[in-house]
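Please read the structure below before turning to the comments.
Right under this line is the structure:
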């Protein structure tokens with residue numbers, strides 16, 4: 026049986042304490058949205074119990090997003106768990122996020138601690154998107170199959 030986690034990821038690109046920072050601006054504007062082909066964003070985003078950022082903090086999502094010209098985002102991400110039974114363990118995520126789709130899926134490719142050599146998948150969907158402020162809340166369901174070592 027997999028271990029299931031349910032999180033809300035708060036990607037804040039503006040204000041005095043952003044959790045997502047664009048470090049490379051690509052040269053070719055995409056036909057829809059504020060991003061360019063080649064944009065790279067670094068994340069250190071809170072993962073909370075509910076969609077409000079003031080709900081219980083469960084961990085952090087730390088990694089890199091790379092924007093392609095086909096309106097997809099390539100994720101390289103570590104979920105760092107900061108409370109509960111799995112405090113200190115991480116879950117490694119990689120994959121292709123087809124942003125226009127209402128529900129998307131990425132791969133769990135490993136982890137540390139309780140999730141060393143784990144496999145699984147992450148389902149994500151956009152919960153809210155403030156295009157003016159470029160702040161996004163994603164709803165994440167992560168299913169992790171720990172390795173049997």
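Residue numbers (our numbering): 26 to 174.
Backbone N, C-alpha and C define an ideal beta-carbon position, used for all residues, glycine too.
May I ask you to verify whether the segment 124-143 touches the segment 31-42, counting CB pairs closer than 8 Å and requiring at least 3? Because the criterion of three Cβ pairs below 8 Å is not met, the segment 124-143 and the segment 31-42 do not touch.
Hey, would you say residue 63 sits closer than 8 Å to residue 49, going by beta carbons? Reading the chain shown from its first residue, position 38 is the one you call residue 63. Reading the chain shown from its first residue, position 24 is the one you call residue 49. In this structure, residue 63 places its C-beta atom within 8 Å of the C-beta atom of residue 49.
What does residue 97 pair with, by DSSP beta-bridge criteria? Working through the chain shown from its first residue, we reach residue 97 at position 72. Note: residue 97 sits in a beta bridge opposite 123.
Evaluate residue 141 with the Cβ neighbour count: other Cβ atoms within 10 Å of its Cβ, from every protein chain shown; 16 or more gives buried, anything less gives exposed. Reading the chain shown from its first residue, position 116 is the one you call residue 141. Per the 10 Å Cβ criterion, exposed.
According to DSSP, which residues form a beta bridge with residue 71? The residue you call residue 71 lines up with position 46 of the chain shown. Per DSSP, 85.
Classification of residue 162 by the beta-carbon crowding that lies within 10 angstroms, buried from 16 upward: Here residue 162 is taken as the residue at index 137 of the chain shown, counted from 1. Classification of residue 162: buried, given that the 10 Å Cβ count is 16 or more.
Under the rule that 16 or more other beta-carbon atoms within 10 Å means buried, what is residue 120, buried or exposed? By 1-based counting over the chain shown, the position of residue 120 is 95. Buried is the call here.
Kindly indicate which residue of 137, 107 and 139 has the alpha-carbon position closest to the one of residue 84. If you number the chain shown from 1, residue 84 lands on position 59. Among 137, 107 and 139, the Cα nearest to that of residue 84 is on 107.
Distance check for residue 165 and residue 111, CA to CA, integer angstroms please. By one-based count along the chain shown, residue 111 stands at place 86. By one-based count along the chain shown, residue 165 stands at place 140. Taking the CA atoms as reference points, residue 111 sits about 17 Å from residue 165.
Identified DSSP bridge partners for residue 33: Along the chain shown, one-based indexing puts residue 33 at 8. Residue pairing by DSSP places residue 33 opposite 73 and 164 in a beta bridge.
Is the beta carbon of residue 131 sitting closer than 8 Å to the one on residue 152? As a first step, residue 131 must be located in the chain shown, where it is residue number 106. As a first step, residue 152 must be located in the chain shown, where it is residue number 127. Between residue 131 and residue 152, the CB-CB gap reaches or exceeds 8 Å.
Cβ pair residue 169, residue 133 closer than 8 Å: Position 144 of the chain shown, counting from 1, holds the residue named residue 169. Position 108 of the chain shown, counting from 1, holds the residue named residue 133. Contact flag set, yes.
Nearest-angstrom Cα distance between residue 99 and residue 92? Counting from 1 along the chain shown, the entry for residue 99 is found at position 74. Counting from 1 along the chain shown, the entry for residue 92 is found at position 67. Taken atom to atom, the span from the alpha-carbon of residue 99 to that of residue 92 is near 6 Å.
Would residue 70 and residue 44 qualify as a contact pair, given that the criterion is a beta-carbon distance under 8 Å? By 1-based counting over the chain shown, the position of residue 70 is 45. By 1-based counting over the chain shown, the position of residue 44 is 19. In contact: residue 70 and residue 44 (Cβ atoms closer than 8 Å).
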